[in-house]
């Protein structure tokens, strides 16, 4: 019987010929990523269980990326980054992106592929639910808690259940103004926030093949918002070219067999997709941007692992060029590389930063997770009151971006930008004619 | 757990109680493996629930809850992989969460940490019971009994994960099976 790409990667990582959904297997990890919010607790578990003098299973395999609470006056947050620094020194870890130094990068899920830590065929565990992002590069990647991460840190292994796979086949051409964010929001709206609980979500078809690697990351990033264990897209020439431009390490490409077994297969036509939003308070509360046009907003936010990549800012700038925003518009590039690109990439001779400045956006903040998850009260862009924020981020449960009284509306960068101009939810095609 | 029974008052919540409602992100600067911060996480348990929840899980100024059992609907614990979520519940004195279904990482973190028992029931007990009702969870019999009425509801089988719970979490399980020393 054939296997899916997820099953093949897990079989390879567990030294087996074949695995089936539901089996509990020990898999070997290639990469364990942790950050400032879960790193200190993970290290605490690691030391408690393996001893004060224990060594990590493989220094090359542990990647530490502080990104959540970096630009805050909160002393505990600073202490947590210091704990990471001490651990990196003690264990001689080569991959540490230290805030306040030239090695600082920003959001872990954009840093990992940028710095060549994501490779097809590998197994990547991270102490962050959006670790599923990296399935976009043809690997198995999933989020875990501190205790499991402490275990991986000491052994390089983890006991996991092989997930059944739901396949999403999307063929055809996307209409202008529709992005990967609209695809994944629509899918979450269709299957619900628990529609893929415990499952692998495999995305395939000509529409997916037509997307850039970054746009594929946006799709896999939100697999967790449907309860998925991992999102995955088979590697193709674009993937290989991208990965080879970031790392010289070898990797292995897996593909689903034609006779692989799926829990269900859902088919879509690319042409059917429209710009959508997820209204408060759930990522599956999806409406077309057009149908939600009566909803007024107080601010617009473009950032995060989901919507703060170079591509996302290009979309936003394309739309904002020559217009003025009517609400506070917050821009948070996910990484230093993205921040630098904003100053270099030009549309019609103008840099993205110039376009944003002329449109009246607030000057971009330094890279971090910032207000995507609220964070300490002094976080840039945090909703501290009853604001209604249209945002390129990933979750909109009560209080997600700060105050319990605030509301988050999830949207693509195009829709967040169009809505920033009008002050209410707006179908970006009104500006992209 | 003594004699495989948990007894106490329940606190009722709804569907899709996400990790931001269990422990808002502003408190993630607390590190669960530091004792005082573990206690502090407990004092914030479920403080992200909207104000419509008139009865709060943690009474003002208290570090322990009077509700050792939380009842949710579908998809309890969705959202972040933060282990602070089950830990804040455990630190607050919660022993078990009963729900129609759980989000994968939360469920896994409950088991890995041993902080709270995740119990699935085929019925939506959050629609049947009210906050303050007393129940008894019997893990051997796989039942939830309502003490006032004597009515009994079944719980789902834990499946293969039970051997990890019985061993006392992922580390004990790995030691028992000689994976690690």
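Protein chains in written order, with the working numbering: chain P, 42 to 474; chain A, 111 to 291. By construction, the Cβ of each residue, glycine as well, lies at the ideal position given by its N, Cα and C atoms. All figures in this text were calculated on a predicted structure; none of them were measured in a lab.
**Request:** Throw me the rounded Cβ distance for the residue 306 of chain A and residue 254 of chain A pair, which I believe falls under 8 Å.
**Result:** Lying before the first or after the last residue shown, residue 306 of chain A is absent from chain A, which here runs from 111 to 291.
**Message:** Between the alpha carbons of residue 348 of chain P and residue 395 of chain P, how many angstroms are there, rounded?
**Reply:** 20 Å
**Item:** Beta-carbon proximity list for residue 233 of chain P, same chain, < 6 Å, skipping 5 on both sides
**Value:** 325
**Asked** For residue 74 of chain P, which three-state DSSP category applies?
**Response** strand
**Message:** Once the 5 residues before and after residue 237 of chain P are set aside, which same chain residues still bring their CB inside 6 Å of it?
**Reply:** 207, 267, 268 and 269
**Message:** Below 8 Å, how does it come out for the segment 311 to 322 of chain P and the segment 203 to 219 of chain P: are there three or more Cβ pairs, yes or no?
**Reply:** yes
**Asked** CB residue 433 of chain P to CB residue 342 of chain P, shorter than 8 Å?
**Response** yes
**Nonlocal neighbours in the same chain, by C-beta distance under 8 Å from residue 79 of chain P, ignoring five residues either side** = 168, 169, 186, 187 and 190
**Message:** To test your reading of the DSSP string, which unbroken beta strand (DSSP E) runs of 3 or more residues are found completely within the segment 385 to 435 of chain P?
**Reply:** 429 to 432
**Prompt:** Looking at C-beta atoms only, is the number of pairs between the segment 458 to 472 of chain P and the segment 360 to 375 of chain P that lie closer than 8 Å three or more?
**Reply:** yes
**Asked** To the nearest angstrom, how far is it from the Cα of residue 88 of chain P to the Cα of residue 128 of chain P?
**Response** 11 Å
**Request:** Decide if residue 287 of chain A is buried, meaning its Cβ has at least 16 other Cβ atoms within 10 Å, or exposed.
**Result:** By the 10 Å Cβ count, residue 287 of chain A comes out exposed.
**Item:** Where residue 150 of chain P sits in the DSSP three-state scheme
**Value:** helix
**Prompt:** Which residues in the same chain have their Cβ closer than 6 Å to the Cβ of residue 264 of chain P, if we skip the five residues on either side of it in sequence?
**Reply:** Counting only Cβ-Cβ distances below 6 Å, and skipping sequence neighbours, we find 173, 242 and 272.
**Message:** Against chain A, does residue 439 of chain P count as a neighbour if the rule is that its beta carbon must be under 8 Å from one of theirs?
**Reply:** yes
**Request:** Return the bridge partner residues of residue 244 of chain A from the DSSP annotation.
**Result:** DSSP, once it has assigned bridges, lists A:119 as partnering residue 244 of chain A.
**Prompt:** Among P:124, P:240, P:104 and P:148, which one has its Cα closest to the Cα of residue 350 of chain P?
**Reply:** Of P:124, P:240, P:104 and P:148, the residue nearest in Cα terms is P:148.
**Item:** Backbone CA spacing between residue 157 of chain A and residue 47 of chain P [nearest angstrom]
**Value:** 38 Å
**Prompt:** So, does the CB of residue 262 of chain A fall closer than 8 Å to a CB anywhere in chain P?
**Reply:** no
**Message:** Determine, for residue 149 of chain P, whether the minimum Cβ-Cβ distance to residues of chain A falls below 8 Å.
**Reply:** Not flagged as an interface residue toward chain A: residue 149 of chain P, since no C-beta distance is shorter than 8 Å.
**Asked** residue 141 of chain A versus chain P: which residues are under 7 Å apart at the beta carbon?
**Response** 81, 82, 85 and 121
**Prompt:** Are the CB atoms of residue 121 of chain P and residue 77 of chain P nearer to each other than 8 Å?
**Reply:** yes
**Message:** Check this for me: beta carbons of residue 300 of chain A and residue 128 of chain A, under 8 Å apart or not?
**Reply:** Nothing about residue 300 of chain A can be read from this structure; chain A reaches only from 111 to 291.
**Prompt:** Mind listing which residues of the segment 405 to 431 of chain P have their C-beta closer than 7 Å to chain A's C-betas, in chain order?
**Reply:** 414, 415, 416, 417 and 418
**Item:** CB contact below 8 Å: residue 251 of chain P versus chain A
**Value:** no
**Request:** Determine the chain A residues that contact residue 344 of chain P at a beta-carbon separation under 8 Å, and present them in chain order.
**Result:** Near residue 344 of chain P there are no residues of chain A at all, since even the closest Cβ is about 15 Å away, more than 8 Å.
**Request:** Spatial neighbours of residue 555 of chain P within its chain, please: CB distance less than 6 Å, with the 5 preceding and 5 following residues excluded, ordered by chain position.
**Result:** One cannot answer for residue 555 of chain P here, as it falls past the ends of chain P, which runs 42 to 474.
**Prompt:** CA-CA distance, residue 429 of chain P and residue 448 of chain P?
**Reply:** 5 Å
**Prompt:** Measuring CB to CB, does residue 375 of chain P end up less than 8 Å from residue 346 of chain P?
**Reply:** yes
**Prompt:** Looking at the unbroken beta strand (DSSP E) that takes in residue 65 of chain P, where does it start and where does it end?
**Reply:** 65 to 69
**Asked** Curious, which full-length alpha helix (DSSP H) runs of at least 4 residues does the segment 197 to 256 of chain P contain?
**Response** 221 to 232 and 247 to 251
**Asked** Taking the alpha carbon of residue 388 of chain P as the point to measure from, which residue in P:402, P:357, P:371 and P:409 has its own alpha carbon closest?
**Response** P:357
**Request:** Go to residue 51 of chain P, then tell me how far its alpha helix (DSSP H) extends in each direction, as first and last residue.
**Result:** 46 to 54
**Asked** What whole-angstrom Cβ distance do residue 231 of chain A and residue 208 of chain A have, given they're in contact under 8 Å?
**Response** 6 Å
**Prompt:** What is the DSSP secondary structure of residue 346 of chain P, counted as helix, strand or coil?
**Reply:** Residue state, collapsed to three classes: helix.
**Message:** To the nearest angstrom, how far is the alpha carbon of residue 203 of chain P from that of residue 471 of chain P?
**Reply:** 45 Å
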